[in-house]
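Taking the working numbering, the leading residue of the sequence shown gets 7, the next gets one more, and so forth. So the structure is just underneath, and the comments pick up after that.
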Amino acid sequence: MADKVLVTGAAGFIGFHLARRLLADGQEVVGLDNLNDYYDVRLKEARLARLQDHRAFTFVKLDLADRAGMEALFAQHAFSNVVNLAAQAGVRYSLTNPHAYINSNLVGFLNILEGCRHLGLKHLVYASSSSVYGANTKMPFSEHDRVDHPVSLYAASKKANELMAHSYAHLYGLPCTGLRFFTVYGPWGRPDMSLFLFTRAILEGRPIDVFNYGRHKRDFTYIDDIIEGVVRVMHRPPQPDPQWDSDQPDPASSRAPYRVYNIGNSQPVELMRVIELLEAALGRKAQLNLLPMQAGDVPETSADVDDLARAVGFRPATPIEAGLRQFVAWYHEYYQS
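See the structure below:
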């Protein structure tokens with residue numbers, strides 16, 4: 007019998023791609039989303055329409071912070087696995103709308119944990135973020151390094167998710183894996199992300215805001231690589247680490263069934279290089295508005311994915327050149343540009 011998987015944020019970028027992959031793999035998927043207006047709801051609805059073509063997909067419009075609604079959802083379905091991708095995203099938005107992050111990323115995640123602990127769940131996989139590395143500058147970022155200095159509320163909320171998950175793994179034996187995503191991009195992407203914003207502005211002949219004067223480096227990770235990593239991790243619930251030492255605690259594992267993994271391409275690319283590739287793919291030059299680094303940003307991200315490769319036999323490898331071509335092709339088709 008196929009597993010029944012709850013995917014939260016199913017109308018979002020990563021959630022949509024994951025739900026589609028699980029359905030193709032023969033899983034039954036319940037997709038949850040509140041369809042908020044953080045970005046264009048029409049894009050979310052278009053993603054959702056493609057999922058609803060599958061008979062094994064059920065959509066539930068619900069906010070994670072709705073405690074009664076979440077309790078009813080978990081009472082109705084015997085989920086074998088839960089993948090929590092619903093969250094208030096965005097570093098810059100957290101500077102002006104901090105309460106949205108507490109409601110979704112903390113209250114909502116608590117409701118997920120509470121629902122999961124009563125199910126005898128195989129595995130809870132949840133989205134963390136490369137932003138948890140905050141003020142760390144040792145490259146590449148390793149899960150075995152401490153991450154105690156977030157530089158945005160968004161980052162702090164993601165670190166809080168990791169701590170909350172560990173407490174439930176310890177108290178209730180709930181298998182929990184956190185995945186620190188690194189700058190995910192690709193078809194059906196988020197309109198608030200830099201590649202999407204740049205593409206739209208270049209095609210419309212508008213200048214693009216380039217922070218840190220284009221010197222940012224980001225570990226751009228193609229969506230198909232992210233999904234492959236999530237699926238492989240989902241089918242490998244963590245076990246207590248027999249080597250874990252409380253005198254020298256490793257942040258990446260525990261005596262509880264708990265793990266944290268990076269998922270990144272391990273090939274940081276300078277933003278100016280990305281703009282050059284976009285210009286080539288679009289056949290147009292960009293007008294640049296060079297600006298200083300914004301509050302909450304970090305100058306560079308780079309993922310050490312050795313732990314992921316050892317655990318599931320996979321590491322992201324799609325070159326930025328190939329991934330950008332796929333994104334631009336989708337953009338032209340979707341927006342008829």
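For glycine and all other residues, C-beta sits at the position ideal for the given N, C-alpha and C.
The beta strand (DSSP E) that contains ASN87, what's its start and end? 87 to 90 is the extent of the beta strand (DSSP E) around ASN87.
Examine the Cβ distances between the segment 90 to 108 and the segment 46 to 62 and report whether three or more of them are shorter than 8 Å. Flag = no, the segment 90 to 108 and the segment 46 to 62 do not touch.
Where does MET7 fall in DSSP's three states? For MET7, the pLDDT reaches just 49, beneath the cut-off of 50, and the residue's location in the model is therefore unreliable, leaving the point undetermined.
Checking 8 Å against the spacing of the C-beta atoms, do LEU203 and GLY195 come in under that value? Against a cut-off of 8 Å, the Cβ pair of GLY195 and LEU203 comes out as no contact.
At the level of alpha carbons, what is the spacing between ASN167 and ASP310? Distance from the CA atom of ASN167 to the CA atom of ASP310, rounded to whole angstroms, is 21 Å.
Quick one, which of VAL157, ASN90, SER148 has its alpha-carbon nearest MET299's? Taking each of VAL157, ASN90, SER148 in turn and checking the Cα distance to MET299, the smallest one comes out for VAL157.
Would you mind working out which of HIS60, VAL88, HIS83, TYR45 sits nearest PRO243, comparing C-alpha positions? Comparing Cα-Cα distances from PRO243 to each of HIS60, VAL88, HIS83, TYR45, the minimum goes to VAL88.
Our contact map puts TYR267 next to VAL239 with C-beta atoms below 8 Å; I'd like the distance itself, whole angstroms only. So it is a contact: roughly 7 Å between Cβ atoms.
According to DSSP, TYR160 sits in a beta bridge with which residue or residues? DSSP lists no partner for TYR160.
With a threshold of 8 Å between beta carbons, is ARG212 in contact with chain E? Among the protein chains of the structure shown there is no chain E, as only one such chain exists.
Is it true that the CB of ALA287 sits closer than 8 Å to the CB of ARG331? With contacts defined by Cβ atoms closer than 8 Å, ARG331 and ALA287 form a contacting pair.
Output the boundary residues of the alpha helix (DSSP H) element that contains HIS23. Where HIS23 is concerned, the enclosing alpha helix (DSSP H) stretches over 19 to 30.
TYR132 - partner residues in DSSP beta bridges: Within the DSSP bridge table, the entry for TYR132 names ASN90, GLY184 as partners.
Check whether the segment 112 to 125 touches the segment 133 to 141, counting contact only when three or more Cβ pairs, one atom from each stretch, lie closer than 8 Å. Under the Cβ criterion (8 Å, minimum of three pairs), the segment 112 to 125 does not count as touching the segment 133 to 141.
Could you check what DSSP says for ARG221 in three-state terms: helix, strand or coil? Coil.
Would you say SER86 and VAL11 are within 8 Å of each other, going by their C-beta atoms? A Cβ-Cβ contact shorter than 8 Å links SER86 with VAL11.
Check the DSSP bridge columns for GLU339 and list the partner residues they point to. Per DSSP, GLU339 has no beta bridge partner at all.
Taking the alpha-carbon positions, what's the PRO146 to THR307 distance? Those two C-alpha atoms are separated by around 7 Å.
Count the other CB atoms, across all protein chains shown, that sit within 10 Å of the CB of ALA74; report buried if there are 16 or more and exposed otherwise. With a threshold of 16 other beta carbon atoms within 10 Å, ALA74 falls short and is exposed.
Could you check how far apart the C-beta atoms of LEU2 and GLY18 are, in whole angstroms? I think they sit under 8 Å. Because residue 2 is not part of the residues shown, which for the chain are 7 to 343, the question remains open.
Could you name each continuous beta strand (DSSP E) segment of 3 residues or more that falls completely within the segment 245 to 310, going from the start of the chain to the end? For the segment 245 to 310, whole beta strand (DSSP E) runs of length 3 or above, ordered along the chain, are 264 to 269, 294 to 296.
Just list the residues that DSSP pairs PHE226 with in beta bridges. Residue pairing for PHE226: DSSP places it in no beta bridge.
Rounded to whole angstroms, how far is the Cβ of VAL47 from the Cβ of VAL66, which I believe are closer than 8 Å? Not a contact, Cβ separation roughly 17 Å.
Who are the near neighbours of PHE217 in its chain, counting only those whose CB is closer than 6 Å to its CB and skipping five residues on each side? The beta carbon of PHE217 is closer than 6 Å to those of LEU297, MET299, GLN300 in its chain, skipping five residues each way along the sequence.
Alpha carbons only, please: which of LEU79, PRO197, ASP303 is nearest the one belonging to TYR219? The residue from LEU79, PRO197, ASP303 with its alpha-carbon nearest to that of TYR219 is ASP303.
Can you check the segment 36 to 89 for any beta strand (DSSP E) of at least 3 residues that lies completely inside it and give the ranges in chain order? Runs of the beta strand (DSSP E) inside the segment 36 to 89: 63 to 67.
When you compare each of LEU185, ASN42, ARG206 to VAL334 by their alpha carbons, which one comes out closest? Selected option, being the one with the closest Cα: ARG206.
VAL97 in three-state terms, based on DSSP: The answer is coil: DSSP assigns VAL97 none of H, G, I, E or B.
Nearest-angstrom Cα distance between THR227 and ASP31? Near 22 Å, if we compare the C-alpha coordinates of ASP31 and THR227.
Simplified DSSP state of LEU125, which is helix, strand or coil: Of the three classes helix, strand and coil, the one that applies to LEU125 here is coil, per DSSP.
Can you say whether GLY319 is buried or exposed, counting buried as having 16 or more other CB atoms within 10 angstroms of its CB? Residue burial annotation: GLY319 is exposed, with fewer than 16 other C-beta atoms found within 10 angstroms of its C-beta.
On a CA-only basis, which of TYR160, GLY15, PRO305, ALA81 is nearest LYS50? Give me that one, please. That would be GLY15, whose Cα lies nearest to the Cα of LYS50.
Do ARG152 and PRO257 have their beta-carbon atoms positioned less than 8 Å apart in this structure? Taking C-beta atoms as the reference points, PRO257 and ARG152 count as a pair closer than 8 Å.
Between the beta-carbon of ILE232 and the beta-carbon of ILE281, is there less than 8 Å? For ILE232 and ILE281, no; Cβs fall outside 8 Å.
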